[in-house]
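In our numbering, the protein residues as written are 19 to 164.
Just so it is clear, CB atoms sit at the ideal spot from N, CA and C, and this is done for glycine as well.
Structure first, then comments.
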């Protein structure tokens, strides 16, 4: 089992790396050339800058039972199809049951933006979000290593 981090714009890289090390699980950071992110003892894969290049690399590497950390619904759907466990930056697990609704929400949001509409941005990240993510990742790893 490995943990793959879609690291471009990911606020939980350090939490993920720390937690993976705690359980002795390999961790891979995937980012493009404009977001070069490296941590000691962790493999970093840097891909060319481009639409979804990091996403496609991650999907090509992930296997059944691996964990993906991403906030991208499209990437989450592709990882689920590979039978991976997918977690967002707030500790929410993506599943076959919730991904369709999330993809629909993304499509509607894109349509609103492309027609000139505005959507409310993300609020400032809180410690509670970090704690929820760390708690869920710990639970997944305890389950996996036992």
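Is it buried or exposed, residue i, if we count other Cβ atoms within 10 angstroms and call 16 or more buried?
| i | result |
| --- | --- |
| residue 102 | buried |
| residue 107 | buried |
| residue 109 | buried |
| residue 87 | buried |
| residue 89 | buried |
| residue 66 | exposed |
Look at the Cβ atom of residue i, then the Cβ atom of residue j, and state whether they are nearer than 8 Å.
| i | j | result |
| --- | --- | --- |
| residue 43 | residue 21 | yes |
| residue 148 | residue 55 | no |
| residue 48 | residue 72 | yes |
Just to confirm my understanding: we take residue i, look at its own chain, exclude 5 residues before and 5 after, and list those with CB closer than 6 Å. What are they?
| i | result |
| --- | --- |
| residue 57 | 35 |
| residue 83 | 19 |
Can you give me the C-alpha to C-alpha distance between residue i and residue j, rounded to a whole angstrom?
| i | j | result |
| --- | --- | --- |
| residue 74 | residue 96 | 9 Å |
| residue 41 | residue 50 | 27 Å |
| residue 163 | residue 132 | 45 Å |
| residue 28 | residue 111 | 16 Å |
| residue 104 | residue 85 | 6 Å |
| residue 26 | residue 143 | 16 Å |
| residue 154 | residue 52 | 29 Å |
Grab me the residues of residue i's own chain with a C-beta within less than 8 Å of its C-beta, minus the 5 sequence neighbours each way, in chain order.
| i | result |
| --- | --- |
| residue 77 | 93, 96, 97, 100 |
| residue 114 | 98 |
Near residue i, what residues of its chain come up, given a Cβ to Cβ distance below 7 Å and the 5 sequence neighbours on each side ignored?
| i | result |
| --- | --- |
| residue 156 | 37 |
- Query: Quick one: complete beta strand (DSSP E) runs, 3+ long, within the stretch 48-91?
  - Reply: 61-65, 85-87
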